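Structure first, commentary second.
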Amino acid sequence: MKWFINNMIGYWIFLLAISLGLSAICYEVFLKQMMK
Amino acid sequence: MFDFTVAGHVIPVFLLVLTGFTVGVVGGFIGVGGGYMVTPALIVFGFPGYMASGTDACHIAGKAVISSIRHRQLGNIDWTIALGMVGGTMLGVEMGVRLLNYTKEIGLSGVVLLAASVAVMLGLFIYTQIETQASHKKLDADRAAGKEIGREVKVSKLPLYFQRIPIMPIIKAKKARLVISMWVIVIVGMITGVLAGFLGVGGGFIRVPAMVYVIGTTSHLAVGTDLVEIVVSGGYGALRQSMSGNVDFMAVFFMILGAMIGAQFGSLATSFVRGPAIRYILSYSLILATVGAAMRLLYVVTGGTAEWLAFVAVVFTLGEMVFLCLFIVTLVWFAVRYQHGKSVPDWVPAMVVPAT
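Just so you know, the sequences run in chain order A and B. Its first residue numbered 1, the first sequence is counted upward by one per residue in the working numbering. Its first residue numbered 1001, the second sequence is counted upward by one per residue in the working numbering.
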């Protein structure tokens, strides 16, 4: 976990994972029915 | 949930406010309008394509005004460069749109557009990333040697070639502290305008690197000056789109509501960081947008059969906005902690401005 914070690339990956996860949840919960 | 209907689709309002906020933060920080993120996001939310584009144009214009005012207060605008580029950009956009219409006539526009987007963004990402990493190494070396470091560190020698071009009139950009031929500024504006017109975007993600690596401004000045450009080009775009009936003003209202706070925060955030931090975030924006565009291109090329590609493209489109906003907000938080002498990750001190 420390590597993901202390290393810039690691921090990038950490934030990206959180962001993509939040977006996937948002898509599944709010947006999927709109795209059908 | 407080929703309203746009063109027959129920749109969750909080998503619009959130979009306005996140893109406001990103746009105020790296000097882009954010159309390449917002238009696909609005389409995902259920807006028809023409309405997504028009609504986004209005929102971009409003958000750029808010960010520009802040950047003017921070001293990040060179009016000579801004006004010089506006003329070139408007001409270039018109040429780019005509080129786009030509590719439409010969039946190639969809694939060509996406492929061109991928190529341009990937090229910009590679150059910006390489140069910024070299600047970061120089920053670390200078800090280790105990040297005094300014807000901007750049290793690219490219601007020096363009500043030596002797074609009259030669102008003095006072705020940018450089002397350059006006033709360089106008032609840079024109070329970036052609790309913007062809790709159907505002062009901030092309103009900001062009100002840094061709004209030779600092990253902070490029961000502020580009936002002035966006006020002009975005304002014109908003007017034309409104006249064509492509704008939902309620949606614009809610997005501007979020942008009112986001754009100011993003603009102020630039005063906490050094130039390489802005260029890093710009390059991340480019690579994520490239991946999203590449997914959309693959989806089109495979005949729209691979649903997982559409899902990945949507998740990347939304995730990019959240990622960039989170990165900027946490960077400011780390900067404040560093200025108060608290512990921060090892890579932070080189990226942020110490307490004065």
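Quick reminder that beta carbons are idealized off the backbone N, C-alpha and C, glycines included. Keep in mind it's a predicted model, so treat the numbers as computed, not measured.
Alpha helix (DSSP H) containing residue i: first to last residue?
i	result
B/Val-1086	1079 to 1105
B/Ser-1067	1049 to 1073
B/Phe-1014	1013 to 1030
B/Ala-1277	1275 to 1301
B/Pro-1040	1035 to 1045
B/Pro-1159	1158 to 1163
B/Ala-1145	Segment: none, B/Ala-1145 is in no alpha helix (DSSP H) and carries neither H nor E.
With hydrogens ignored, establish whether the beta-carbon of residue i is closer than 6 Å to any heavy atom of the ligand GDP.
i	result
B/Arg-1240	For the ligand GDP, the structure offers nothing, since it holds no ligand at all.
Please classify residue i: is it buried, with 16 or more other beta-carbons within 10 angstroms of its beta-carbon, or exposed?
i	result
B/Val-1010	exposed
B/Ile-1165	exposed
B/Arg-1279	buried
B/Ile-1060	buried
B/Gly-1245	exposed
B/Lys-1104	exposed
B/Met-1243	exposed
B/Arg-1143	exposed
B/Gly-1205	It is Phe, not Gly, that sits at residue 1205 of chain B in the sequence shown. Flag for B/Phe-1205 reads buried.
B/Gln-1241	buried
Can you confirm whether residue i, when its beta carbon is compared against all beta carbons of chain A, has any partner nearer than 7 Å?
i	result
B/Gly-1292	no
B/Leu-1326	yes
B/Trp-1308	no
B/Ile-1322	Reading off the sequence, residue 1322 of chain B comes out as Val, not Ile. With 7 Å as the cut-off, B/Val-1322 counts as an interface residue toward chain A.
B/Gly-1319	yes
B/Val-1201	no
B/Pro-1040	no
7 Å is my cut-off, CB to CB: does residue i come that close to chain B?
i	result
A/Lys-36	Bear in mind that a pLDDT of 49 at A/Lys-36, under 50, signals an unreliable position, so the model cannot answer this.
A/Ile-5	yes
A/Met-1	no
A/Phe-30	yes
A/Ala-17	no
Based on Cα-Cα distance, which residue from the options lies nearest to residue i?
i	options	result
B/Lys-1063	B/Lys-1342, B/Gly-1028, B/Tyr-1284	B/Gly-1028
B/Gly-1264	B/Val-1112, B/Ser-1067, B/Lys-1137	It is Gln, not Gly, that sits at residue 1264 of chain B in the sequence shown. Nearest of B/Val-1112, B/Ser-1067, B/Lys-1137 to B/Gln-1264, Cα basis: B/Ser-1067.
B/Val-1186	B/Ala-1335, B/Pro-1209, B/Val-1155, B/Leu-1091	B/Leu-1091
A/Glu-28	B/Arg-1337, B/Val-1348, B/Leu-1318	B/Leu-1318
B/Leu-1268	B/Val-1332, B/Pro-1276, B/Tyr-1236, B/Trp-1308	B/Val-1332
B/Ala-1134	B/Glu-1148, B/Ser-1117, B/Val-1155, B/Gly-1150	B/Val-1155
B/Gly-1035	B/Phe-1125, B/Glu-1320, B/Phe-1334, B/Trp-1347	B/Glu-1320
B/Val-1194	B/Leu-1122, B/Gly-1262, B/Val-1086, B/Met-1260	B/Val-1086
B/Thr-1217	B/Ile-1170, B/Thr-1128, B/Val-1291, B/Lys-1175	B/Lys-1175
Can you name the start and end residues of the beta strand (DSSP E) that residue i belongs to?
i	result
B/Lys-1172	1170 to 1173
A/Ser-23	Taken as a continuous stretch (DSSP letters only), A/Ser-23 belongs to no beta strand (DSSP E), being part of the alpha helix (DSSP H) at 8 to 26.
B/Leu-1178	1178 to 1181
Answer yes if the stretch 1013 to 1024 of chain B comes into contact with the stretch 2 to 13 of chain A, meaning at least three C-beta pairs across the two stretches below 8 Å, and no otherwise.
no
Determine contact between the stretch 1082 to 1098 of chain B and the stretch 1289 to 1300 of chain B, defined as no fewer than three beta-carbon pairs at a distance below 8 Å.
no
When the Cβ atoms of the stretch 1301 to 1311 of chain B are set against those of the stretch 1216 to 1233 of chain B, are three or more pairs found closer than 8 Å?
no
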